[in-house]
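Peer 1: Top line first, the protein sequences correspond to chains A and B.
Letter 193 of the first sequence, counting from 1, is numbered 193 in the UniProt record's numbering, and no numbers are missing.
Letter 179 of the second sequence, counting from 1, is numbered 179 in the UniProt record's numbering, and no numbers are missing.
A virtual CB, placed ideally from N, CA and C, is assigned to each residue, including glycine.
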Amino acid sequence: MTDNVHTGSIPDERPPANTVGPVAWLRNNLFNTWYNALLTILIAWLLFKAIPPLLDWLIFSANSFGTPPQVCRQEGGACWTFVSEKLRFVMFGTFPYDEQWRPLITIVIIIALVLASCDRRFWKPWLALVWIAGLTAVGVLMWGGVLGLTYVENTLWGGLPLTLMLSVVGLSVAFPASVLLALGRRSQLPAIRVISVTYIELIRGVPLISLLFMASVMFPLFLPTGVNFDKLLRAQIAFIMFAAAYMAEAIRGGLQAIPKGQYEAADALGLNYWQAMGKIILPQALAISIPPLVNTFISFFKDTSLVIIIGLYDLLGTAKAALSDPAWRGFYREAYLFIGVIYWVFCYSMSKYSQKLERDLRRGHRR
Amino acid sequence: MASETRDTARPSAPGGVSFSLSDPTVRAVFYQVLVVGIVIAVGWFLIHNTLDNLSKRSIATGFGFLDREASFGIGESLIDYHPRDSYGRAFLVGVLNTLKVSIIGVVLATVLGTLIGVARLSSNWLIAKLASTYVEIVRNIPPLLQLFFWYALVSESMPPVRQALNPIPGVFLSQRGLFVPVPSADPVWGTMGFALAIAVIGVIFLRRWAKARQERTGQPFPIGTASLSLLIGLPLIAYIAGGAPTALDVPKLQGFNFVGGVVLTPEFFAILVGLVVYTAAFIAEVVRSGILAVNWGQTEAARALGIDSGKTLRLVVLPQALRVIVPPLTSQYLNLTKNSSLALAIGYPDLVSIANTTLNQTGQAIEGVAMIMGTYLVISLGISIFMNWYNKRIALVER
Numbered sequence: 001m002t003d004n005v006h007t008g009s010i011p012d013e014r015p016p017a018n019t020v021g022p023v024a025w026l027r028n029n030l031f032n033t034w035y036n037a038l039l040t041i042l043i044a045w046l047l048f049k050a051i052p053p054l055l056d057w058l059i060f061s062a063n064s065f066g067t068p069p070q071v072c073r074q075e076g077g078a079c080w081t082f083v084s085e086k087l088r089f090v091m092f093g094t095f096p097y098d099e100q101w102r103p104l105i106t107i108v109i110i111i112a113l114v115l116a117s118c119d120r121r122f123w124k125p126w127l128a129l130v131w132i133a134g135l136t137a138v139g140v141l142m143w144g145g146v147l148g149l150t151y152v153e154n155t156l157w158g159g160l161p162l163t164l165m166l167s168v169v170g171l172s173v174a175f176p177a178s179v180l181l182a183l184g185r186r187s188q189l190p191a192i193r194v195i196s197v198t199y200i201e202l203i204r205g206v207p208l209i210s211l212l213f214m215a216s217v218m219f220p221l222f223l224p225t226g227v228n229f230d231k232l233l234r235a236q237i238a239f240i241m242f243a244a245a246y247m248a249e250a251i252r253g254g255l256q257a258i259p260k261g262q263y264e265a266a267d268a269l270g271l272n273y274w275q276a277m278g279k280i281i282l283p284q285a286l287a288i289s290i291p292p293l294v295n296t297f298i299s300f301f302k303d304t305s306l307v308i309i310i311g312l313y314d315l316l317g318t319a320k321a322a323l324s325d326p327a328w329r330g331f332y333r334e335a336y337l338f339i340g341v342i343y344w345v346f347c348y349s350m351s352k353y354s355q356k357l358e359r360d361l362r363r364g365h366r367r
Numbered sequence: 001m002a003s004e005t006r007d008t009a010r011p012s013a014p015g016g017v018s019f020s021l022s023d024p025t026v027r028a029v030f031y032q033v034l035v036v037g038i039v040i041a042v043g044w045f046l047i048h049n050t051l052d053n054l055s056k057r058s059i060a061t062g063f064g065f066l067d068r069e070a071s072f073g074i075g076e077s078l079i080d081y082h083p084r085d086s087y088g089r090a091f092l093v094g095v096l097n098t099l100k101v102s103i104i105g106v107v108l109a110t111v112l113g114t115l116i117g118v119a120r121l122s123s124n125w126l127i128a129k130l131a132s133t134y135v136e137i138v139r140n141i142p143p144l145l146q147l148f149f150w151y152a153l154v155s156e157s158m159p160p161v162r163q164a165l166n167p168i169p170g171v172f173l174s175q176r177g178l179f180v181p182v183p184s185a186d187p188v189w190g191t192m193g194f195a196l197a198i199a200v201i202g203v204i205f206l207r208r209w210a211k212a213r214q215e216r217t218g219q220p221f222p223i224g225t226a227s228l229s230l231l232i233g234l235p236l237i238a239y240i241a242g243g244a245p246t247a248l249d250v251p252k253l254q255g256f257n258f259v260g261g262v263v264l265t266p267e268f269f270a271i272l273v274g275l276v277v278y279t280a281a282f283i284a285e286v287v288r289s290g291i292l293a294v295n296w297g298q299t300e301a302a303r304a305l306g307i308d309s310g311k312t313l314r315l316v317v318l319p320q321a322l323r324v325i326v327p328p329l330t331s332q333y334l335n336l337t338k339n340s341s342l343a344l345a346i347g348y349p350d351l352v353s354i355a356n357t358t359l360n361q362t363g364q365a366i367e368g369v370a371m372i373m374g375t376y377l378v379i380s381l382g383i384s385i386f387m388n389w390y391n392k393r394i395a396l397v398e399r
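Pasting the structure below:
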């Protein structure tokens, strides 16, 4: 009987070859059924056809920095001289050449502010003060006129700082407005509710372009004679109106997710409406709304590119203007690839951040 | 403001006139009157200024300009249009162009989006990775940039009209777009349309009869095959009965452009491809989350009951997935329609671009913007109503 029992250690053996290792991986993930095998082969063939020419254009046959455009045209392949030649114009627009360190610092300040705001440890009331200080610094740097900086009027602004400023300023002003709108939409008072709903649905029902048109052609008519906003400010107002409506919907979602018991508890404590909202409901609702809010930020950041339609030169605008230079016509692939990557890096990191935040916040809700 | 009123307000003395802000009803009325008052005041201020400005600059008001001669050309139009036509007709051309690109765009984006959404869940690693790469790249680049890219791709890479590519006889590809031959006008097309209408009505009645019969006798009727053969067969019979005309309207180079046939312009191509590629990435995510929302146990239960896989998908999985998919899908359709206004930037004559030309020519900015906004609100409302109706039809009926 004991003969059948194996004492002592069994030597380690490799698992069967068909369950681990590259061959098994291939079999499980690429060739598990006949149609998957067929699709794999088809797609591998397509990739084989597409990727080498793409890499060839991007890297191997690409003309190095400094090759003049005429040579690029003959040689084929990407012409990265376009990027090096036009880099400062695409990034900063027509901002005076010698002063371009100012928009550069602006970019750094805004990115630093946004990065700091991403860290949950910094979600304290003083963050608002840091933002006000940061945005003031940005204003001083861009306009100048004080502290020995020369004055630069905002018609000369352009490129990445303009894109960043339109979105960051737009969002920070639209945020409080959107909280009020969301509260208004959930209000018990019919008149306030109707006004909020009308505003939100009206703005969300029309394309952003029509709001930009309104800003560019109708705002001057709305204002008393003699008062005039410049084009940038009008576009900024249109963006704020637009962002407020979309963010209000994100926050409404958060408000709806708060259980009724929380409202009842606030009532039971004898808190009035603003105390209940400010101390109990909004902190919870905003935490829930953060992921959809970040998604609104992303789409809003992409939409700032529309200012090109009313003649402002944001990042996309400067790239398009650079392409209209006769010497550089036809290098649209390089231009759009370059700014496409910039937009992509911003949007992709925001979306990754939103996903991470969603996981973190959910962990917070778990008991 | 609220805390102020709370501090100063005291409960009203018994017997006195009850007009205190601590009374919830009074407070509610007070706040509403206040907000409505502010809205009216701001509105009045804006309207007053506007009227003032309009009279000072002597800009006409009203929609009378719609009857005046537009005197600008439009690149492509679904109805006959001539620069001598009115602004009203030009605007109608714009609305139809917007609807054309939106409807075709919605259909194609749904197909592509569904394919990519399903592909992201594929057990094939290569397909799943490719699909997620597509979604991550396309979603995070501004649609306008993508439009510019597609437009540049056509207008910069295609040969000029004189050296048009001619891959198949009668088909020409150049900077001016893709020209394809179409069958020449013939009375038989009208008859075929009529036959198709009859077939559609026939199918509706057939379905009703088949359902009643199945409920009565339990016998299923091959409704799919029957409907399909009716829908194809009747127009085909009409075509053959009409003499089966084969004459083609082939595009020919005349002067500086092709004449005849049907053209797919670079502008239309760019706006369509741009919108479809962009929206499909979002639809893919909607579809993926919808499919993931259906518990795998549902599929297993269906299999345990001996239902075949096609029916499982059609009768068990899809009805549940659609409940999750339809509401966000509606938003994507609305977004696509609204994004079609980006057409302005590449010169496709949609309603925004035509209204923009109109308001630049007439100076009637308010009417122009109002017409753009009004039209989009009507379109949005239409899509919402339809999708809500559909959503209600498929929604879970709970006791």
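Going by DSSP, which residues form a beta bridge with residue 252/B?
Peer 2: As a first step, residue 252/B must be located in the second sequence, where it is residue number 252. Residue 252/B is bridged to 259/B.
Peer 1: Beta-carbon of residue 224/A versus every beta-carbon of chain B: anything under 8 Å?
Peer 2: Sequence index remark: in the first sequence, residue 224/A carries index 224 (1-based). So, interface residue.
Peer 1: Tell me which residues share the same chain as residue 303/A and place their Cβ nearer than 7 Å to its Cβ, disregarding the 5 neighbours each side in the sequence.
Peer 2: Within the first sequence, numbered from 1, the residue matching residue 303/A stands at position 303. Around residue 303/A: 208.
Peer 1: What separation, rounded to the nearest whole angstrom, lies between the Cα atoms of residue 300/A and residue 294/A?
Peer 2: The residue you call residue 300/A lines up with position 300 of the first sequence. The residue you call residue 294/A lines up with position 294 of the first sequence. When rounded, the distance between both Cα atoms is 10 Å.
Peer 1: What is the DSSP secondary structure of residue 166/B, reduced to helix, strand or coil?
Peer 2: The residue labelled residue 166/B in the question sits at position 166 within the second sequence. Note: residue 166/B maps to coil in three-state DSSP.
Peer 1: Evaluate residue 52/B with the Cβ neighbour count: other Cβ atoms within 10 Å of its Cβ, from every protein chain shown; 16 or more gives buried, anything less gives exposed.
Peer 2: Locating residue 52/B in the second sequence gives position 52, counting from the first residue. Flag for residue 52/B reads exposed.
Peer 1: Select from the segment 79-107 of chain A all residues with a C-beta closer than 9 Å to any C-beta belonging to chain B, and list them in chain order.
Peer 2: Residues passing the 9 Å Cβ filter: none.
Peer 1: Along chain B, which residues have their Cβ under 9 Å away from the Cβ of residue 40/A?
Peer 2: Against the first sequence, residue 40/A aligns to sequence position 40. Simply 124, 125, 126 and 127.
Peer 1: Since residue 258/A and residue 285/A should fall inside the 8 Å C-beta cutoff, what is the C-beta to C-beta distance between them, to a whole number of angstroms?
Peer 2: The residue you call residue 258/A lines up with position 258 of the first sequence. The residue you call residue 285/A lines up with position 285 of the first sequence. Between residue 285/A and residue 258/A the Cβ distance is about 6 Å, and since that is below 8 Å, they are a contact.
Peer 1: Are any of the Cβ atoms in chain A nearer than 8 Å to that of residue 149/B?
Peer 2: As a position in the second sequence, residue 149/B is number 149, starting the count at 1. Yes, because at least one Cβ of chain A sits closer than 8 Å to the Cβ of residue 149/B.
Peer 1: In chain B, which residues lie less than 9 Å from residue 63/A when you measure between Cβ atoms?
Peer 2: Here residue 63/A refers to the residue found at position 63 of the first sequence. Ordered by position in chain B, no residue passes the 9 Å Cβ test against residue 63/A, which lies about 18 Å from the chain.
Peer 1: Tell me which residues share the same chain as residue 226/B and place their Cβ nearer than 7 Å to its Cβ, disregarding the 5 neighbours each side in the sequence.
Peer 2: Counting from 1 along the second sequence, the entry for residue 226/B is found at position 226. So the list reads 206, once near-sequence residues are dropped.
Peer 1: Using a threshold of 8 Å, state whether the C-beta atoms of residue 245/B and residue 172/B are closer than that.
Peer 2: Translated into the one-based positions of the second sequence, residue 245/B becomes position 245. Translated into the one-based positions of the second sequence, residue 172/B becomes position 172. Against a cut-off of 8 Å, the Cβ pair of residue 172/B and residue 245/B comes out as no contact.
Peer 1: Ignore the nearest five residues each way along the sequence and tell me which others in residue 296/A's own chain have a CB closer than 6 Å to its CB.
Peer 2: Within the first sequence, the letter at position 296 stands for residue 296/A. Cβ within range, chain order: 246, 247 and 250.
Peer 1: Do three or more CB pairs link the segment 266-277 of chain B to the segment 199-214 of chain B at distances below 8 Å?
Peer 2: The answer is no - the segment 199-214 of chain B does not touch the segment 266-277 of chain B, with fewer than three Cβ pairs under 8 Å.
Peer 1: Return no unless some Cβ of chain A is closer than 8 Å to the Cβ of residue 87/B.
Peer 2: As a position in the second sequence, residue 87/B is number 87, starting the count at 1. No, residue 87/B lies away from the interface with chain A (no Cβ there is under 8 Å from its Cβ).
Peer 1: Have a look at residue 101/A and residue 142/A and give me their C-alpha separation to the nearest angstrom.
Peer 2: What you label residue 101/A is simply residue 101 of the first sequence in a count that begins at 1. What you label residue 142/A is simply residue 142 of the first sequence in a count that begins at 1. Approximately 10 Å, taken between the alpha carbons.
Peer 1: The ligand GTP and residue 384/B: does any heavy atom of the ligand fall closer than 7 Å to the residue's C-beta?
Peer 2: The ligand GTP is not part of the structure shown, which contains no ligands of any sort.
Peer 1: Any beta carbon of chain A sitting closer than 8 Å to that of residue 373/B?
Peer 2: Counting from 1 along the second sequence, the entry for residue 373/B is found at position 373. Yes, residue 373/B lies at the interface with chain A (some Cβ there is under 8 Å from its Cβ).
Peer 1: Taking DSSP as the reference, what is the three-state secondary structure of residue 119/A?
Peer 2: For the purposes of this step, residue 119/A is identified with residue 119 of the first sequence, where counting begins at 1. DSSP places residue 119/A in coil when its eight states are reduced to three.
Peer 1: Chain B partners of residue 409/A, CB-CB under 7 Å?
Peer 2: The question about residue 409/A has no answer here: the residues shown for chain A are numbered 1 through 367.
Peer 1: For residue 233/A, which option in 147/A, 91/A and 170/A has the closest C-alpha, if you only look at C-alpha atoms?
Peer 2: Locating residue 233/A in the first sequence gives position 233, where the first residue counts as 1. Comparing Cα-Cα distances from residue 233/A to each of 147/A, 91/A and 170/A, the minimum goes to 170/A.
Peer 1: Using alpha carbons as the reference points, say which of 160/A, 188/A and 244/A lies closest to residue 339/A.
Peer 2: Counted from its first residue, the first sequence places residue 339/A at position 339. Answer by Cα proximity: 160/A.
Peer 1: Find the residues of chain B that neighbour residue 30/A, judging by a C-beta separation of less than 8 Å, and give them in chain order.
Peer 2: Position 30 of the first sequence, counted from the first residue, corresponds to residue 30/A. Ordered by position in chain B, the residues that pass the 8 Å Cβ test against residue 30/A are 124, 125 and 126.
Peer 1: List the whole-angstrom C-beta distance separating residue 90/B from residue 60/B, where the pair is believed to meet the contact cut-off of C-beta under 8 Å.
Peer 2: The count along the second sequence starts at 1 and reaches residue 90/B at position 90. The count along the second sequence starts at 1 and reaches residue 60/B at position 60. The Cβ separation is near 18 Å, so there is no contact.
Peer 1: Pairing CB atoms from the segment 324-344 of chain A with CB atoms from the segment 185-198 of chain A, are three or more of them under 8 Å?
Peer 2: They do not touch, by the three-pair rule.
Peer 1: Compare the beta carbon distance of residue 215/A and residue 244/A with 8 Å and say whether it is the shorter of the two.
Peer 2: For the purposes of this step, residue 215/A is taken as residue 215 along the first sequence, with counting starting at 1. For the purposes of this step, residue 244/A is taken as residue 244 along the first sequence, with counting starting at 1. Not closer than 8 Å, so no.
Peer 1: Residue 305/A and residue 144/B look like a contact to me (Cβ under 8 Å); what is the Cβ gap, rounded to whole Å?
Peer 2: Start at 1 with the first residue of the first sequence, and residue 305/A comes out as number 305. Start at 1 with the first residue of the second sequence, and residue 144/B comes out as number 144. At roughly 5 Å, the Cβ-Cβ gap stays under 8 Å, so residue 305/A and residue 144/B are in contact.
Peer 1: How many Å lie between residue 167/A and residue 360/B at the Cα?
Peer 2: Residue numbering aside, residue 167/A sits at position 167 when the first sequence is read from its first letter. Residue numbering aside, residue 360/B sits at position 360 when the second sequence is read from its first letter. Whole-angstrom Cα-Cα distance: 28 Å.
Peer 1: At which residues does the beta strand (DSSP E) containing residue 174/B begin and terminate?
Peer 2: As a working note, residue 174/B is residue 174 in the second sequence. Residue 174/B -> beta strand (DSSP E) spans 172-174.
Peer 1: Show which residues of chain B have a CB atom less than 8 Å away from the CB atom of residue 217/A.
Peer 2: On the first sequence, position 217 is the one that residue 217/A refers to. The contacting residues are 359, 365, 368 and 369.
Peer 1: Checking 8 Å against the spacing of the C-beta atoms, do residue 356/B and residue 344/B come in under that value?
Peer 2: By one-based count along the second sequence, residue 356/B stands at place 356. By one-based count along the second sequence, residue 344/B stands at place 344. Yes, the pair counts as a contact, with Cβ atoms nearer than the cut-off.
Peer 1: CB residue 132/A to CB residue 173/A, shorter than 8 Å?
Peer 2: Here residue 132/A corresponds to residue number 132 of the first sequence, with the count starting at 1. Here residue 173/A corresponds to residue number 173 of the first sequence, with the count starting at 1. Contact: no.
Peer 1: Apart from the five residues just before and just after residue 346/B, which ones in its own chain have a Cβ nearer than 8 Å to its Cβ?
Peer 2: Your numbering for residue 346/B matches position 346 in the second sequence. These residues qualify, in order along the chain: 147, 148, 151, 267, 270 and 271.
Peer 1: Return the first residue and the last residue of the beta strand (DSSP E) that residue 177/B is part of.
Peer 2: Along the second sequence, read from residue 1 onward, the residue named residue 177/B stands at position 177. Segment 177-180, the beta strand (DSSP E) holding residue 177/B.
Peer 1: Residues bridged to residue 79/A by DSSP?
Peer 2: Against the first sequence, residue 79/A aligns to sequence position 79. Per DSSP, 63/A.
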